[in-house]
Amino acid sequence: GADAHGPDLDAPAAREAAAGVTGTAASPAIPARKGAGEGSAPADLATARQTLFAAAKIDTSAYTTIRDLATLDLWVAAARETGVVAFDTETTSLDPMQAELVGFSLAIADNGKDASGSDIRAAYIPLTHKTGSGGDLFSDGIRLAEGQVP
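Letter by letter, the sequence shown follows residues 1492 to 1641 in my numbering.
Take a look at the structure:
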């Protein structure tokens, strides 16, 4: 019987109706979705995109390293202007319990030209890269490498 959530449906009849196989004047058949077929499943879409991205030419010549806050501010302003940003963290480990953040990378659009015709660059921002060694009593020890965003 029906309850507060709606009527009980006979599963085989519901499947037939959804497939467009049967129907009555009181409950007309639901036609099959137009365009449903090959290439419409999420897995098909993922495969198509994977093929597209695998064939894409990526020009890394315009990539840069941001080493100061003033330059980072310019990139943040550009990201706000375009409304698009890709962001990725760089860590010392894939284990989230042991990983330390060492930097991040970003891009403000795809690997091409923006609306003004300017080249789009990706950038890496180093934060906590270390240099030196702590094994020698007289060494400078481990310290932050130069040229990092504070």
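Backbone N, C-alpha and C define an ideal beta-carbon position, used for all residues, glycine too. Bear in mind the structure is a predicted one, so any value in this text is a computation, not a measurement.
*Thinking I1599 and A1570 are a contact (beta carbons under 8 Å), I'd like their distance in whole angstroms, please.*
Residue 1599 sits at position 108 when you count from the first residue of the sequence shown. Residue 1570 sits at position 79 when you count from the first residue of the sequence shown. Between I1599 and A1570, the beta carbon gap of about 5 Å places them in contact (Cβ cut-off 8 Å).
*May I have a chain-ordered list of the alpha helix (DSSP H) segments no shorter than 4 residues that lie completely inside the segment 1536-1584?*
Restricting attention to alpha helix (DSSP H) runs no shorter than 4 residues, the segment 1536-1584 encloses them at 1560-1573, ordered along the chain.
*Considering only residues of the same chain and omitting the five flanking positions on each side of F1578, which have a CB-CB separation below 7 Å?*
On the sequence shown, position 87 is the one that residue 1578 refers to. Answer for F1578: F1595 and L1597, listed in chain order.
*Answer yes or no: do T1622 and V1593 have a C-beta to C-beta separation smaller than 7 Å?*
By 1-based counting over the sequence shown, the position of residue 1622 is 131. By 1-based counting over the sequence shown, the position of residue 1593 is 102. No, Cβ-Cβ distance for T1622 and V1593 is not below 7 Å.
*By Cβ distance, which residues of its chain are closer than 8 Å to P1641, with the 5 residues on each side in sequence left out?*
Locating residue 1641 in the sequence shown gives position 150, counting from the first residue. Contacts found: L1560.
*If you run the structure through DSSP and keep just helix, strand and coil, what is P1617?*
What you label residue 1617 is simply residue 126 of the sequence shown in a count that begins at 1. P1617: strand per DSSP, three-state reduction.
*May I ask you to report which of helix, strand or coil DSSP gives A1600?*
Here residue 1600 corresponds to residue number 109 of the sequence shown, with the count starting at 1. Annotated three-state conformation of A1600 is coil, per DSSP.
*Taking the CB atoms as reference points, tell me whether T1555 and R1612 lie closer together than 7 Å.*
Start at 1 with the first residue of the sequence shown, and residue 1555 comes out as number 64. Start at 1 with the first residue of the sequence shown, and residue 1612 comes out as number 121. Cβ atoms of T1555 and R1612: closer than 7 Å.
*For L1563, collect the residues of the same chain with a Cβ closer than 8 Å to its Cβ; drop the 5 residues on either side in sequence, then sort them by chain order.*
If you number the sequence shown from 1, residue 1563 lands on position 72. Leaving aside the five residues that flank L1563 on each side, the residues in its chain whose CB is nearer than 8 Å to its CB run, in chain order, I1557, I1616 and V1640.
*Provide the residue(s) that pair with R1612 in DSSP beta bridges, ordered along the chain.*
Within the sequence shown, residue 1612 is the residue found at index 121, counting from 1. Listed as beta-bridge partners of R1612 by DSSP are no residues whatsoever.
_Whole angstroms are fine: how far does the CA of I1549 sit from the CA of R1540?_
Taking the first residue of the sequence shown as position 1, residue 1540 is located at position 49. Taking the first residue of the sequence shown as position 1, residue 1549 is located at position 58. Approximately 15 Å, taken between the alpha carbons.
_Residue from A1614, S1584, G1574 and F1544 whose Cα sits closest to the Cα of T1551_ = Here the question's residue 1551 lines up with position 60 in the sequence shown. Ranked by how close their Cα comes to the Cα of T1551, the residues A1614, S1584, G1574 and F1544 have A1614 in first place.
*Could you tell me which residues DSSP pairs with G1594 in its beta bridges?*
As a first step, residue 1594 must be located in the sequence shown, where it is residue number 103. Bridge pairing for G1594: E1581 and P1617 [DSSP].
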